[in-house]
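Heads up, the thing below is written out as structure tokens.
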Amino acid sequence: MRVDVLAGTHGSAIWIGNGIADRLASLLDEHGVGARRFVVSSPVIWQFHGERIQRALGAIEPILLPDGERHKNLQVASRAYEALIRGGADRGSAIVAVGGGVIGDSAGFIAATYLRGITLVQVPTTLLAQVDSSIGGKVGVNHTLGKNLIGAFHQPAVVAIDPLLLGTLPRREFRSGLYEVVKYGMIASRSLFDRIVANPKAIFARDPAVLTPAIVESCRIKADVVTKDEREGGLRRILNFGHTVGHALEAVTRYRRFRHGEAIAYGMLAAADLAVARGALADSDRQALAALITKLGPLPAIADLSIAEVLEAVRRDKKVVNGRLHFVIAIAIGSTITVDDVTEDELRAVLQRLGMTA
Ligand SMILES: NC(=O)c1ccc[n+]([C@@H]2O[C@H](COP(=O)([O-])OP(=O)(O)OC[C@H]3O[C@@H](n4cnc5c(N)ncnc54)[C@H](O)[C@@H]3O)[C@@H](O)[C@H]2O)c1
Ligand SMILES: [Zn+2]
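See the structure below:
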């Protein structure tokens, strides 16, 4: 069992351990988390893991929010506020989010805003949530006009990461999270990258001996970056490696074609290609990334996507500052830099080489 404490305005204690979900009550007691705990989850997740969480936390009535990205919105949050008010939740109560990024982001937003903020605990149940969304304090919901437009920074008091909860995760969801682990390798750890290259079978089999250390290292990298730059002043941008093109791919396909990590996989390939074209990255490193992504499994097709639409989506993205495109590029496996002078022509060529023809 490992602990990672993340500083920032309010620290988070990040606990990672196989079976840690079973001792949630004592963990929360140790951290002085409110005696009244309101669990927020979804019917799908609760069906798999509800019994276990109930055994760990005592007889609790969960607030179940509908599953899926399209339900990450203010209407659903509002129903949760109602359940909290009716349940008598007060300033001393805590919200325990049990789920993937959708539940974690919504429940986190609810915790950030209910009574101007109550204690939040994250119990992430997808690989993506375990290595990324549960850490760092970004919480929020979608608006019909765009993703994650309504939100806050609200650090969880405790993040309890139990890799054994991933046993029930569909393979495609698992793979989606794995691309974020590849991202951590690309931005900060060649050895993490190499371990995924060497052990894909054990990882997909969710062998704790291989998977848990990879999760620990990913969390450490994210916690490190967030500790140094909670509000994305500069350093935190490196976490966006692969996300400029990735977000654009998600947007032009209306969040229907790709799981988040799949879009990021393409985004990383694009960022590596851009770096090679600029002479910043060795082509052998780009090839190693491409080979790993190919090895992990199939990605949805992109040949039919319109380059003009993707470029337009990139332009609309938050990462365009004063008309110039900030872009995180790799300079080696395990090392990235941010450049702020990427031109549209450059990016167009990258998208063509990536395989977009329309
Ligand atoms: N806050 C952040 O910093 C941050 C970072 C990255 C992503 N996000 C957000 O995360 C969300 C995506 O999260 P996600 O990829 O975890 O998707 P998700 O929450 O939609 O979960 C994916 C699917 O897996 C199911 N599921 C979850 N845990 C399971 C388990 N243990 N066994 C079986 N099924 C399980 C869910 O019911 C869902 O159908 C997006 O909304 C994104 O904006 C937030
Ligand atoms: Zn991501």
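In the working numbering, the protein residues as written are 53 to 410.
All C-beta atoms, glycine included, are put in the ideal place defined by N, C-alpha and C.
For residue i, the three-state DSSP class (helix, strand or coil)
i, result
"A141", "coil"
"V85", "coil"
"K124", "coil"
"A164", "helix"
"T184", "Looking at the sequence provided, one finds Asp at residue 184 rather than Thr. Here D184 sits in helix by DSSP."
"L197", "coil"
"F293", "coil"
"F310", "coil"
"L357", "coil"
"T26", "Residue 26 lies beyond the residue range present for the chain, which begins at 53 and ends at 410; the question has no answer from this structure."
"S94", "coil"
"P252", "helix"
"I385", "coil"
"A65", "strand"
"A334", "coil"
"G407", "coil"
"Q106", "helix"
"Q339", "helix"
"I112", "coil"
"A327", "helix"
Cα-Cα separation, residue i to residue j
i, j, result
"I267", "Q182", "7 Å"
"L76", "Q127", "30 Å"
"D259", "D157", "28 Å"
"A323", "G349", "20 Å"
"G386", "R289", "15 Å"
"L180", "S186", "9 Å"
"A164", "A212", "18 Å"
"G407", "D369", "22 Å"
"E113", "D74", "17 Å"
"L321", "V394", "16 Å"
"L341", "Q174", "31 Å"
"V85", "N70", "21 Å"
"I383", "K274", "19 Å"
"R367", "T305", "16 Å"
"T138", "D184", "Looking at the sequence shown, residue 138 is not Thr but Arg. About 32 Å."
"D337", "G188", "29 Å"
"G160", "H295", "22 Å"
"L116", "A410", "42 Å"
"A129", "A257", "35 Å"
"I68", "G237", "19 Å"
"G102", "D119", "15 Å"
"V193", "A300", "19 Å"
"K190", "I147", "15 Å"
Per-residue burial, residue i [other beta carbons within 10 Å of its own, 16 or more giving buried]
i, result
"G229", "buried"
"Q404", "exposed"
"L197", "exposed"
"R168", "exposed"
"Q49", "There is simply no residue 49 to check, as the chain begins at 53 and stops at 410 in what is shown."
"K235", "buried"
"D397", "exposed"
"S78", "exposed"
"R143", "exposed"
"S94", "buried"
"G151", "buried"
"R107", "exposed"
"D325", "buried"
"T171", "buried"
"I316", "buried"
"L201", "exposed"
"P176", "buried"
"T346", "exposed"
"S145", "buried"
"G153", "buried"
Cβ distance (whole Å) where residue i is taken to contact residue j below 8 Å
i, j, result
"T178", "E225", "6 Å"
"R88", "A141", "7 Å"
"F293", "E302", "Incorrect: roughly 16 Å between the Cβ atoms, too far for contact."
"G313", "R247", "Incorrect: roughly 18 Å between the Cβ atoms, too far for contact."
"V277", "L287", "6 Å"
"I354", "Y307", "The Cβ separation is near 15 Å, so there is no contact."
"A111", "H83", "In fact, because the Cβ distance is near 22 Å, the residues do not count as touching under 8 Å."
"V92", "I162", "7 Å"
"D214", "I359", "Between I359 and D214 the Cβ distance is about 42 Å, and since that is not below 8 Å, they are no contact."
Any C-beta of chain B under 8 Å from that of residue i
i, result
"I115", "This model lacks chain B altogether, as it is built from one protein chain only."
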